[in-house]
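For reference, the structure discussed in these notes is given below.
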Amino acid sequence: MNAAKDHAADFLNYLGWYEKAKSANNPLEVARFALQAVSEIHLIMGGRNDRGEAVRIMHGILGPFLVGGGQDKTGDLYDRLRNDARLRPAI
Numbered sequence: 026m027n028a029a030k031d032h033a034a035d036f037l038n039y040l041g042w043y044e045k046a047k048s049a050n051n052p053l054e055v056a057r058f059a060l061q062a063v064s065e066i067h068l069i070m071g072g073r074n075d076r077g078e079a080v081r082i083m084h085g086i087l088g089p090f091l092v093g094g095g096q097d098k099t100g101d102l103y104d105r106l107r108n109d110a111r112l113r114p115a116i
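So the sequence shown is numbered by the working numbering: it starts at 26 and just counts up by one.
Laid out in structure tokens, this is it:
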């Protein structure tokens with residue numbers, strides 16, 4: 026596997042753990058897994074802080090899993106992850 030595919034797989038794992046932590050109402054784990062998921066996306070991007078590019082990459086990874094979800098839904102998820110990770114909004 027190449028690095029981008031490795032980061033995409035890690036992103037999906039962290040996203041799954043993030044959802045489980047939300048369901049368990051565990052704020053510390055929610056923040057931890059949200060931060061790790063966002064970090065994987067930014068590693069794919071080479072560390073740039075570009076919301077549009079991050080959403081595009083996430084949509085490319087999640088597209089098949091988001092039933093009826095376009096890039097707006099993906100953007101909402103990205104914003105929610107950043108918020109739960111206690112990161113400033115992306116530009």
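By construction, the Cβ of each residue, glycine as well, lies at the ideal position given by its N, Cα and C atoms.
Contact between R76 and A115 holds, with the beta-carbon distance rounding to 4 Å and staying under 8 Å.
L106 is positioned such that its CB atom lies no closer than 8 Å to that of A56. Under a 10 Å Cβ-count criterion, F90 is classified as exposed, with fewer than 16 other Cβ atoms of the shown protein chains found around its own Cβ. In the three-state DSSP reduction, A110 falls in the coil class, being neither helix nor strand. For A59, the enclosing alpha helix (DSSP H) begins and ends at P52 to I69. The Cβ neighbour count for E65, taken over all protein chains shown within 10 Å, is at least 16; the residue is labelled buried. For the pair G100 and A34, the Cα-to-Cα distance works out to about 19 Å.
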